[in-house]
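One structure is given below, encoded as structure tokens.
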Amino acid sequence: VIGAGYMGLQAAETLRTHGASVTIFEAEHEILGRRDPALTDALRRHLERFHIDLQLGVRVESVEPGMVAGRPCDIVILAAGVQPNVEIAAEAGIELGRTGAIRVSDRMETNLSGIYAAGDCVETTHLVTGRPVYMPLGTTANKTGRVAGANAAGRRERFPGVAGTMIVRVCGLGVGITGLSEWQARKEGLDPVSASIESFDKPRYFFGERVWVSLVADRRSGRLVGGTVLGSQATAGSINVIATAVTNRMRVEDLEHLDLAYSPPYAQVWDPILIAARQLSKNF
Ligand SMILES: Cc1cc2nc3c(=O)[nH]c(=O)nc-3n(C[C@H](O)[C@H](O)[C@H](O)COP(=O)(O)OP(=O)(O)OC[C@H]3O[C@@H](n4cnc5c(N)ncnc54)[C@H](O)[C@@H]3O)c2cc1C
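Everything in the sequence shown is counted per this note's numbering, starting at 146 for the first residue and increasing by one.
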């Protein structure tokens, strides 16, 4: 598999599940593009347990018949990133943004009046940074498509942007991401402070499974700017709570007291997000 983004990781899992011997070649020294060494380490260890060989820092220059990066192979999956398909739009005089995708207003209108664009060919606004971002996902494609269609048909709807929320299963492990990593926050001129905790999604007597939560906040404003969750079925619910907090610019001290549900078959009395928020507030 070439590329350790979310598609490469999913491809690796599927091939391994079907009994293939799998190697992932990744040009960068990290996984999922967040420059988050803890996330990369956790996923590397997890992949090792499934006997998937992760080769970081290996840029594949060519694929020969039956051979890739000096190793024999039967199948090559190229998952080295997505580029927006904008040729026709550009030829028609539609402006592209800095990301290379089509620039649109929050009504999904291009620079040509009455021409709307949506989905994987457009850039949107990152809700934390306020800057244009290219994040081609099915969630965004559906929402931008709806807004573009509504406006083209005469209604007035707007698409505010994305927090960068995604979830992927890597060999049974749920990996949820939203907002900015510490490195991304620093690059945006913020003063990031972070915390990581390990807990269980349910009490152990209800067969709770391990969950890891990392949160990133801005020291100056006290606001939550990102988070990562690794876990089982509870990953989606947890990352969605964090995404809601990031989107609404919630302060860590408020997150710490969020009234989250508890009952042993479903949750812990101290939800892992609350434990992480408490740890984060100590790190300020
Ligand atoms: C393997 C895989 C797994 C994914 N998993 C997830 C996931 O779990 N969660 C998530 O949020 N997103 C996921 N995505 C991303 C998601 O599928 C895309 O973001 C979404 O489909 C984009 O929708 P779209 O309508 O913009 O483009 P597409 O779904 O790509 O549709 C564009 C269509 O336009 C057609 N087309 C292109 N050019 C022309 C032309 N000149 N004339 C006529 N037709 C043309 C194409 O053939 C295509 O059918 C995944 C993508 C892949 C590939």
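By construction, the Cβ of each residue, glycine as well, lies at the ideal position given by its N, Cα and C atoms.
Minimum C-alpha distance to THR380 - residue among ALA224, VAL315 and ASP404: VAL315
On a Cα-Cα basis, can you pick out the residue from THR323, ARG423 and PHE352 that is closest to ALA388? It is THR323.
With C-beta atoms as the reference, is GLY376 less than 8 Å away from VAL356? The Cβ atoms of GLY376 and VAL356 sit closer than 8 Å to each other.
With a threshold of 8 Å, are at least 3 pairs of Cβ atoms found where one atom belongs to the stretch 236-244 and the other to the stretch 215-227? no
Where does LEU201 sit, in a helix, a strand or coil, going by DSSP? strand
Quick one: does the C-beta of ASP265 sit closer than 7 Å to a heavy atom of ligand 1? yes
Is ARG216 helix, strand or coil by DSSP? ARG216: strand per DSSP, three-state reduction.
Applying the 10 Å Cβ sphere with the 16-neighbour rule, what's the burial state of LYS288? buried
Where LYS347 falls, given that 16 or more other Cβ within 10 Å makes a residue buried: buried
Could you check whether the Cβ of ILE239 sits closer than 7 Å to any heavy atom belonging to ligand 1? no
Can we count PRO229 as close to ligand 1, meaning its CB is less than 7 Å from some heavy atom? no
Alpha carbon to alpha carbon, how far is ALA430 from ILE147? A question about residue 430 goes unanswered here, because the residues of the chain that appear run from 146 up to 429.
Secondary structure, alpha helix (DSSP H): runs of 4+ residues fully inside the stretch 260-318: Qualifying alpha helix (DSSP H) stretches, in chain order: 283-297.
The beta strand (DSSP E) with MET169 in it runs from where to where? The sequence given here has Ile at residue 169, not Met. Segment 167-171, the beta strand (DSSP E) holding ILE169.
Cβ neighbours of ARG365 in the same chain (closer than 6 Å, five flanking residues each side left out): ASP336
For the beta strand (DSSP E) holding TRP357, just list the boundary residues, first then last. 355-363
Suppose contacts are defined by Cβ-Cβ distances below 8 Å. Is PRO281 in contact with VAL231 by that definition? no
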